[in-house]
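Q: Would you mind keeping the following structure in view while I ask a few things?
Numbering (the working numbering), first residue to last: -5 to 554.
Here is the structure:
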């Protein structure tokens, strides 16, 4: 027996480091506060889940998350555009309250004077980490040369490269960053943590669908056999007159055939699946870490995708495809189910996270905690959710059955849909006499909401133009000095000095999003009507913007 004690001591000395790691791996959530894993995709519409009954897309990893959590089927964003929506997710305030009207450089959340999600969790002792796309306003802080932080979060380093710098014709964006975002998240989860953590994992796809017409690889992706393509969406072709503010969006794709729309859907669903695969890696790492039993996992998207509905693509619409997004909450020991009853908003996520963590929620938050709903408690709930857009400027009120949309300008500026009988939103009932009282009720809801949030409806476009003008002026100030250009020979009076189109593009790209809107392009144009025609010709993919490549190659061709 005399030799046993030294042997035990020796073994304990060997095991001590392992015991320390094992202890550190158990989060403080064992006693009170859970970890929170926040998963975000970009541009994933609410129906792009196989667990939602969509047979054209396979999302096994999100399906297994939904199978152990609560999936909400009436989930809406505050503004269906990247920057405004993300600002709302992390502040629980409407974009107009923050002075954020679009994807503009002034949309820096930490300068808006409001409490933010990361800051509150960091102050409460949480370990806060962020991997991937941010965009309020630095799009990918991990790739920035200058110091750009996500307020309250430590930005995890990433491999790969900034996807905005590549050639949109030959390089798909998300593969340059998304696998490395998942890799960073996995590494974080594999590490020991002596405090509860809030980890945000933000993937770019399926946002790459925005490059459908420009990226050459997408042309080869879709199968040649039409039988393998998804069916045409039932609401592609409208039979009623739409609001005049939406007509411009329809012009971008007016030449698309039904086959092209189906190819578009096929590519979109593959991009959704690529994000699902990466989410699977993160969820597996969470399970292997042993921390899954102490972690609230939440999945959503910053906005949806029109997918050809009403002959429109991408976002910034208040139709269901653009404004409604998936939302899954899976806390430890949840009772799995689908919530088809309650109207929820991206504004609700911040107060929900605070509730689970036991952190006091500031009174300024617009959202409500979803925890009572997730736990199956019967609580009084809201009558409506609201959303907004700025280009075009519009507002939405969604109640349990109806949706009301009002545009700030143009003809046919009001829409009213019966979501139970017309989920495709093809029949505008605004003039239906039988529904007059319902229409008035929704108008009243909107008026009350605008008053409570100090919404100066109608002023958005002017404010957005002012922001863009300031950014353009700043870009011109910071642009490299012009190099001297040779004077044309006198013998050739028709010749003109060469133009550095890359420099010209940089000057015009006021908000630094690597593309030109029509408004940016028209600045300083001597003949606006002719410039509009040039813009339309050069916009080869008809997305309503000029990419760097389109501006340089198309604009540099004298025949164009």
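Just so it is clear, CB atoms sit at the ideal spot from N, CA and C, and this is done for glycine as well.
#1: Taking the Cβ atom as the reference point for each residue, do residue 196 and residue 125 lie within a distance shorter than 8 Å?
#2: Taking the alpha carbon of residue 258 as the reference point, which residue from 206, 234, 375 and 376 has its own alpha carbon closest?
#3: Straight-line CA distance for residue 43 to residue 77?
#4: Could you name the residues of the same chain whose beta carbon sits closer than 7 Å to that of residue 484, not counting the 5 residues immediately before and after it, in chain order?
#5: How far does the beta strand (DSSP E) with residue 126 in it extend, from its first residue to its last?
#6: Between residue 317 and residue 71, how many whole angstroms is the CB-CB distance? I'm expecting something under 8 Å.
#7: Would you say residue 395 and residue 377 are within 8 Å of each other, going by their C-beta atoms?
#8: Excluding five sequence neighbours on each side, which residues of the same chain lie with their C-beta closer than 7 Å to the C-beta of residue 143?
#9: Tell me whether the segment 301 to 317 and the segment 275 to 283 touch, counting them as touching only if at least three CB pairs, one residue from each stretch, are closer than 8 Å.
#10: Taking its Cβ as the centre, do 16 or more other Cβ atoms sit within 10 Å of residue 244, making it buried, or is it exposed?
#11: Between the beta-carbon of residue 294 and the beta-carbon of residue 340, is there less than 8 Å?
#12: So, are the CB atoms of residue 345 and residue 358 less than 8 Å apart?
#13: Pull up the distance between the alpha-carbon of residue 265 and that of residue 204, whole angstroms please.
#14: Who are the near neighbours of residue 433 in its chain, counting only those whose CB is closer than 6 Å to its CB and skipping five residues on each side?
#15: Considering just the uninterrupted stretch of the beta strand (DSSP E) at residue 247, what are its terminal residues?
#16: Around the C-beta of residue 545, are 16 or more other C-beta atoms found within 10 angstroms, so that it is buried, or is it exposed?
#17: In or out: residue 248 buried (at least 16 other Cβ within 10 Å) or exposed?
#18: For residue 319, count neighbouring C-beta atoms within 10 Å of its own C-beta (all shown protein chains included) and say buried if the count is 16 or more, exposed if not.
#19: I'd like to check one pair, residue 26 with residue 352: are the Cβ atoms closer than 8 Å?
#20: Taking the straight line between their C-alpha atoms, what separation do you get for residue 202 and residue 105?
#21: If you draw a straight line from the alpha carbon of residue 100 to that of residue 343, how long is it in whole angstroms?
#22: Which runs of the beta strand (DSSP E) at least 3 residues long sit entirely within the segment 257 to 283? Give them in chain order.
#23: With distances taken Cα to Cα, identify the nearest neighbour of residue 302 among 128, 461, 226 and 541.
#24: Does the distance between the C-beta of residue 256 and the nearest non-hydrogen atom of the ligand GTP fall short of 7 Å?
#25: In the DSSP output, what is residue 291 paired with across the bridge?
#26: Kindly list the residues whose CB is nearer than 7 Å to the CB of residue 529, restricted to its own chain and excluding five residues on each side of it in sequence; keep chain order.
#27: Counting only runs of 4+ residues fully inside the segment 192 to 250, write out the alpha helix (DSSP H) ranges in chain order.
#28: Can you tell me whether residue 516 is helix, strand or coil according to DSSP?
#29: Using C-beta distances below 6 Å, list every residue in its chain close to residue 336, excluding the 5 sequence neighbours before and after it, in chain order.
#30: Return the chain-ordered list of same chain residues with a C-beta closer than 7 Å to the C-beta of residue 329, the five sequence neighbours on each side being excluded.
#31: For residue 65, which beta-bridge partners are listed by DSSP?
#32: Could you give the first and the last residue of the continuous alpha helix (DSSP H) run that contains residue 113?
#33: Alpha carbon to alpha carbon, how far is residue 68 from residue 333? Give it in angstroms, no decimals.
#34: My guess is that residue 39 and residue 299 are in contact by the Cβ rule of under 8 Å, so how many angstroms apart are they, rounded?
#35: Assign residue 132 to one of two classes, buried (16 or more other C-beta atoms within 10 Å of its C-beta) or exposed (fewer than that).
#36: Put residue 176 into one of helix, strand or coil per three-state DSSP.
A: On the basis of the coordinates in this document:
#1: Residue numbering aside, residue 196 sits at position 202 when the chain shown is read from its first letter. Residue numbering aside, residue 125 sits at position 131 when the chain shown is read from its first letter. In contact: residue 196 and residue 125 (Cβ atoms closer than 8 Å).
#2: Mapped onto the chain shown, residue 258 falls at position 264. The candidate whose alpha carbon is nearest that of residue 258 is 206.
#3: Locating residue 43 in the chain shown gives position 49, where the first residue counts as 1. Locating residue 77 in the chain shown gives position 83, where the first residue counts as 1. If you take the alpha carbons of residue 43 and residue 77, they lie about 24 Å apart.
#4: Along the chain shown, one-based indexing puts residue 484 at 490. Here the model assigns residue 484 a pLDDT of 44, short of 50, so the residue's position is not dependable, and the following value carries that caveat. Cβ within range, chain order: n/a, list empty.
#5: One-based indexing of the chain shown puts residue 126 at position 132. Its beta strand (DSSP E) spans residues 121 to 126.
#6: As a working mapping, residue 317 is identified with position 323 in the chain shown. As a working mapping, residue 71 is identified with position 77 in the chain shown. The Cβ separation is near 6 Å, so the contact holds.
#7: Stepping through the chain shown from its first residue, residue 395 is reached at position 401. Stepping through the chain shown from its first residue, residue 377 is reached at position 383. Taking 8 Å as the Cβ cut-off, residue 395 and residue 377 do not qualify as a contacting pair.
#8: If you number the chain shown from 1, residue 143 lands on position 149. Closer than 7 Å at the Cβ level, and outside the excluded window around residue 143, lie 135 and 149.
#9: No: fewer than three Cβ pairs fall under 8 Å.
#10: For the purposes of this step, residue 244 is taken as residue 250 along the chain shown, with counting starting at 1. Label assigned to residue 244: exposed.
#11: To locate residue 294, count along the chain shown from 1; it is residue 300. To locate residue 340, count along the chain shown from 1; it is residue 346. Yes, they are a contact pair.
#12: In the chain shown, counting from the first residue as 1, residue 345 sits at position 351. In the chain shown, counting from the first residue as 1, residue 358 sits at position 364. Not a contact, by the Cβ cut-off of 8 Å.
#13: Sequence index remark: in the chain shown, residue 265 carries index 271 (1-based). Sequence index remark: in the chain shown, residue 204 carries index 210 (1-based). Approximately 11 Å, taken between the alpha carbons.
#14: Locating residue 433 in the chain shown gives position 439, where the first residue counts as 1. Taken in chain order, the residues that qualify are 410.
#15: In the chain shown, counting from the first residue as 1, residue 247 sits at position 253. Segment: none, residue 247 is in no beta strand (DSSP E) and carries neither H nor E.
#16: Along the chain shown, one-based indexing puts residue 545 at 551. Its Cβ being crowded by 16 or more others within 10 Å, residue 545 is buried.
#17: To locate residue 248, count along the chain shown from 1; it is residue 254. Residue 248 comes out exposed.
#18: Taking the first residue of the chain shown as position 1, residue 319 is located at position 325. Buried, by the Cβ-count rule.
#19: Counted from its first residue, the chain shown places residue 352 at position 358. Counted from its first residue, the chain shown places residue 26 at position 32. Contact: yes.
#20: Locating residue 202 in the chain shown gives position 208, counting from the first residue. Locating residue 105 in the chain shown gives position 111, counting from the first residue. Whole-angstrom Cα-Cα distance: 29 Å.
#21: Taking the first residue of the chain shown as position 1, residue 100 is located at position 106. Taking the first residue of the chain shown as position 1, residue 343 is located at position 349. Near 24 Å, if we compare the C-alpha coordinates of residue 343 and residue 100.
#22: none
#23: Locating residue 302 in the chain shown gives position 308, where the first residue counts as 1. The candidate whose alpha carbon is nearest that of residue 302 is 226.
#24: For the ligand GTP, the structure offers nothing, since it holds no ligand at all.
#25: As a working mapping, residue 291 is identified with position 297 in the chain shown. Beta-bridge annotation (DSSP): residue 291 is paired with 31 and 324.
#26: In the chain shown, residue 529 corresponds to position 535, counting from 1. Sequence-distant partners of residue 529 (beyond 5 residues in either direction) whose C-beta falls short of 7 Å from its own C-beta, in its chain, are 512, 515 and 540.
#27: 210 to 215 and 241 to 245
#28: Residue mapping note: residue 516 aligns to position 522 of the chain shown, counting from 1. Helix, per DSSP.
#29: The residue you call residue 336 lines up with position 342 of the chain shown. Non-local C-beta neighbours of residue 336 in its own chain, meaning closer than 6 Å and more than five positions away in sequence, comprise 367 and 375, ordered along the chain.
#30: Translated into the one-based positions of the chain shown, residue 329 becomes position 335. The answer, listed in chain order, is 370.
#31: As a position in the chain shown, residue 65 is number 71, starting the count at 1. Partner(s): 322 and 332.
#32: Along the chain shown, read from residue 1 onward, the residue named residue 113 stands at position 119. Here the alpha helix (DSSP H) through residue 113 covers 111 to 117.
#33: Sequence index remark: in the chain shown, residue 333 carries index 339 (1-based). Sequence index remark: in the chain shown, residue 68 carries index 74 (1-based). Their Cα atoms are separated by approximately 8 Å.
#34: Mapped onto the chain shown, residue 39 falls at position 45. Mapped onto the chain shown, residue 299 falls at position 305. Contact check for residue 39 and residue 299: beta-carbon distance about 5 Å, within the 8 Å limit, so the pair qualifies.
#35: Against the chain shown, residue 132 aligns to sequence position 138. So residue 132 counts as buried.
#36: By 1-based counting over the chain shown, the position of residue 176 is 182. Three-state DSSP puts residue 176 in a helix.
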